[in-house]
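Chains as they are written, first to last, in the numbering used here: chain G, 11 to 160; chain V, 11 to 160. Cβ atoms here follow ideal geometry from the backbone N, Cα and C, with glycine treated the same way.
Number of protein chains: 2
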Amino acid sequence: MIVDTGWHKRFRGQGYRLTIPREAILHVLSNTEEHLSAEDIYMVVHQKYPAIGLTTVYRTLDILVQMGVVFKFDFGDGRSRYELTEHFSRKKHHHHLICTMCSRIIDYTDFIDDELELLDRTKKTLSKKHNFQITGHMMQFYGLCEKCKT
Amino acid sequence: MIVDTGWHKRFRGQGYRLTIPREAILHVLSNTEEHLSAEDIYMVVHQKYPAIGLTTVYRTLDILVQMGVVFKFDFGDGRSRYELTEHFSRKKHHHHLICTMCSRIIDYTDFIDDELELLDRTKKTLSKKHNFQITGHMMQFYGLCEKCKT
DNA sequence: ATTATTATTGATAATGGTTATCAATATTAT
DNA sequence: ATAATATTGATAACCATTATCAATAATAAT
Ligand SMILES: [Mn+2]
Ligand SMILES: [Mn+2]
Ligand SMILES: [Zn+2]
Ligand SMILES: [Zn+2]
Chain G
11 MIVDTGWHKR FRGQGYRLTI PREAILHVLS NTEEHLSAED IYMVVHQKYP AIGLTTVYRT
71 LDILVQMGVV FKFDFGDGRS RYELTEHFSR KKHHHHLICT MCSRIIDYTD FIDDELELLD
131 RTKKTLSKKH NFQITGHMMQ FYGLCEKCKT
Chain V
11 MIVDTGWHKR FRGQGYRLTI PREAILHVLS NTEEHLSAED IYMVVHQKYP AIGLTTVYRT
71 LDILVQMGVV FKFDFGDGRS RYELTEHFSR KKHHHHLICT MCSRIIDYTD FIDDELELLD
131 RTKKTLSKKH NFQITGHMMQ FYGLCEKCKT
C-alpha cells in the first residue's frame, strides 16, 4: 500500500509514477545512516519484496539522481554509493572522510558554515568567469582511519 | 634512452625500477594540460612505443598513485582520469569544474588560498576528533558548461 | 663472469558493476 | 473498452579494470 507523503506528486511532476519498488527504495534510503550501494539497497528491499529486481534498483536510483533526490558518490571502492540529498534527508549538509584502506566513511559537519560561505563565493566567481551554471559541489578528505593507520 | 631527472632515485627508493614504459607514461602526464584516462595515455604512448601494452599503463598508474605522484579522479564518465599531483606538476594546486552533460573539465584556482586555510583548519579538527590520519582532499563543482546549459 | 633472485612485461582471460534489450504487465488517457 | 504509455524483471551484453602466467629483463650473490 502506497502512503503518499508528497512523493507521488513529485514523481508525477516529472512524468514518473510512484510505484511499490520506487517507494521501497526510497524507504530504505530514508532509514539508513550508511552509504549504500545499489546492491546493498537491493538486498534490503529484497527481504520485503523478493520480486523486485536489481535492474529496477539501478533504474530507480538513476531517476532519483536525475530528480535531485539522491546524490551518487564514488568513494573509490569500485561501486557507486547513494545518499539522499540534503533537502530530503534528516542528515544536514555534510561531507565525507574516507579511509583509503578499508573504505570506512565518516560524515562530518565541522566548519560547514565557513565552507558554505567560501563555496558560495567560489560559485559566484566561477559561474561568471566560465559561464558555467553550477548545480552542486563535492568535497571529501582521504586518509587512514583509526584501525588502519597502525 | 633513459634520462635521469630524479625519477630513477625516487623509484628505487620504493623498490621499483625506472623503465622505458614508466618513463614514457610519466612523459605523457608531464606534457598534457588534459585529464587523461588510462586508455588516453596508452594511445599516446603507443605512437612512440607500440610494444607497450595497456596493462602496463594501468599497472604504472597504480604505482604512481601509490607513490603520490599521480592523483586518480572520478569525474563520473565511467573511467578514471589521472593528473600529476601538485608537487610534480607545473600546474598549481587547483580544483575542477565538471560539466555533467558533456564531461568537460575546467581547472580553477580561485580562492585557493582561502580554501587551503579552511581545509587546514578542517583537517586539524577532523584528524583529532576522529583519530584519522588525513592524506589528501578533493573538491569539485558540478554543473552545465557554456555549451550545454542553453 | 656465472648463476640465482627478483622485478617487469604484454597477451590473454576473467571479473564485476552497470546498461541495453525485450516481452510481459500494470497504469493512465481516450 | 480500447489505445497509448510507463514500469517491470530476466537475461544478455558491455566495458573498464584486474588477475594470471610464461617470457624476459635487471639486479644481486657467488
Ligand atoms: Mn554522508
Ligand atoms: Mn586538473
Ligand atoms: Zn580504515
Ligand atoms: Zn558541457
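According to DSSP, is residue i helix, strand or coil?
i      : result
V:K133 : helix
G:D120 : coil
V:G23  : helix
G:K102 : coil
V:S113 : coil
G:D72  : helix
G:M148 : strand
V:L28  : coil
V:I12  : Its pLDDT being 43, under 50, V:I12 is placed unreliably by the model, and nothing is read from it.
V:K58  : helix
V:V79  : coil
G:D50  : helix
G:E43  : coil
Rounded to whole angstroms, how far is the Cβ of residue i from the Cβ of residue j, which I believe are closer than 8 Å?
i      : j      : result
V:I144 : G:G153 : 4 Å
G:L128 : V:F121 : 6 Å
G:I30  : G:I51  : Not confirmed; about 14 Å, so no contact.
G:D117 : G:H104 : 5 Å
V:V55  : V:V80  : That belief does not hold up - the Cβ atoms of V:V55 and V:V80 are roughly 15 Å apart, past 8 Å.
V:M53  : G:M149 : About 32 Å separates the two Cβ atoms, so there is no contact after all.
Between residue i and chain V, is there a C-beta pair that is closer than 7 Å?
i      : result
G:M111 : no
G:T145 : yes
G:D84  : yes
G:I116 : yes
G:C155 : yes
G:Y59  : no
G:T132 : yes
G:N141 : yes
G:K159 : yes
G:F98  : no
G:L71  : no
G:L94  : no
Alpha carbon to alpha carbon, how far is residue i from residue j?
i      : j      : result
V:K159 : G:K139 : 15 Å
V:L126 : G:T70  : 38 Å
G:L74  : V:D124 : 34 Å
G:H45  : G:F83  : 9 Å
V:A48  : V:G146 : 22 Å
V:T66  : V:R131 : 39 Å
G:K133 : V:C155 : 13 Å
V:C112 : V:L28  : 37 Å
G:H97  : V:T95  : 35 Å
G:K19  : G:Y26  : 9 Å
G:T110 : G:T119 : 20 Å
G:L107 : G:G86  : 12 Å
G:G78  : G:F142 : 19 Å
G:R22  : V:Y92  : 41 Å
G:L64  : G:K101 : 26 Å
G:R89  : G:S99  : 22 Å
Is the closest heavy atom of ligand 4 to the C-beta of residue i under 6 Å?
i      : result
V:R114 : yes
V:M111 : yes
Return yes when the C-beta of residue i is under 6 Å from any heavy atom of ligand 3, and no when it is not.
i      : result
G:K157 : yes
Taking 7 Å as the CB-CB cut-off, is residue i touching chain G?
i      : result
V:M53  : no
V:M162 : Examination of residue 162 of chain V is not possible in this model, given that chain V is present from 11 through 160 alone.
V:L136 : yes
V:F121 : yes
V:D9   : Any question about residue 9 of chain V goes unanswered here, given that chain V covers just 11 to 160.
V:Y152 : yes
V:L107 : yes
V:L128 : yes
V:D50  : no
Given the structure, does residue i come close to ligand 2, in the sense that its CB is under 6 Å from one of the ligand's heavy atoms?
i      : result
V:D117 : yes
Answer yes or no: the CB of residue i versus the heavy atoms of ligand 1, is any distance below 6 Å?
i     : result
G:E93 : yes
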